[in-house]
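J.: Heads up: the sequence shown begins at 4 in this note's numbering, then just goes up one per residue.
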Amino acid sequence: MGMAAKEHFVLVHGEGHGAWCWFKLRWLLEGAGYHVTCIDLAGGGVDPTDPNTIRSFQQYDKPLIDLISTLPEGEKVRVFFLFCQHI
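Have a look at this one:
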């Protein structure tokens, strides 16, 4: 009997961060054999979008929606968000 496929984790940063904020967790999950994708939302991390031009969640989360739309149907995916608040 074949080994069951491990889950795919999609890690999403919070405001003012980027995919880089997940480096430790990504390393641990990949070391355990999981498939991990860390993305930069619009205007975050290395994404070239000027954050001052983002006017809606549709613009902000477009990289996440684009990624999810490319995943194979039936793939077991868990999406984790890092929420933070700047005061």
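Even glycine gets a Cβ: it sits at the ideal position worked out from N, Cα and C.
For a quick check, are the C-beta atoms of I42 and L70 less than 7 angstroms apart?
T.: Indexing the sequence shown from 1 puts residue 42 at position 39. Indexing the sequence shown from 1 puts residue 70 at position 67. For I42 and L70, yes; Cβs fall inside 7 angstroms.
J.: Could you give the distance in angstroms between the alpha-carbon of R29 and the alpha-carbon of H11?
T.: The residue you call residue 29 lines up with position 26 of the sequence shown. The residue you call residue 11 lines up with position 8 of the sequence shown. Rounded to the nearest angstrom, the two C-alpha atoms are 11 angstroms apart.
J.: From S72 to W25, what distance separates their C-alpha atoms?
T.: Your numbering for residue 72 matches position 69 in the sequence shown. Your numbering for residue 25 matches position 22 in the sequence shown. Roughly 22 angstroms between the two C-alpha positions.
J.: As a quick exercise: from G34, P54, L31 and A35, pick the residue whose alpha carbon is nearest that of G21.
T.: Translated into the one-based positions of the sequence shown, residue 21 becomes position 18. That would be P54, whose Cα lies nearest to the Cα of G21.
J.: DSSP state of I42, grouped into three classes?
T.: Working through the sequence shown from its first residue, we reach residue 42 at position 39. Here I42 sits in strand by DSSP.
J.: Would you kindly work out how many angstroms separate the C-alpha atoms of E76 and I68, rounded to a whole number?
T.: Within the sequence shown, the letter at position 73 stands for residue 76. Within the sequence shown, the letter at position 65 stands for residue 68. About 14 angstroms.
J.: Where are the beta strand (DSSP E) runs, 3 residues long or more, that stay fully inside the stretch 14-76, in chain order?
T.: Whole beta strand (DSSP E) segments, 3+ residues: 38-42.
J.: What does the alpha-carbon distance come out to for the pair L14 and K27?
T.: To locate residue 14, count along the sequence shown from 1; it is residue 11. To locate residue 27, count along the sequence shown from 1; it is residue 24. Each residue's Cα considered, the two are about 12 angstroms apart.
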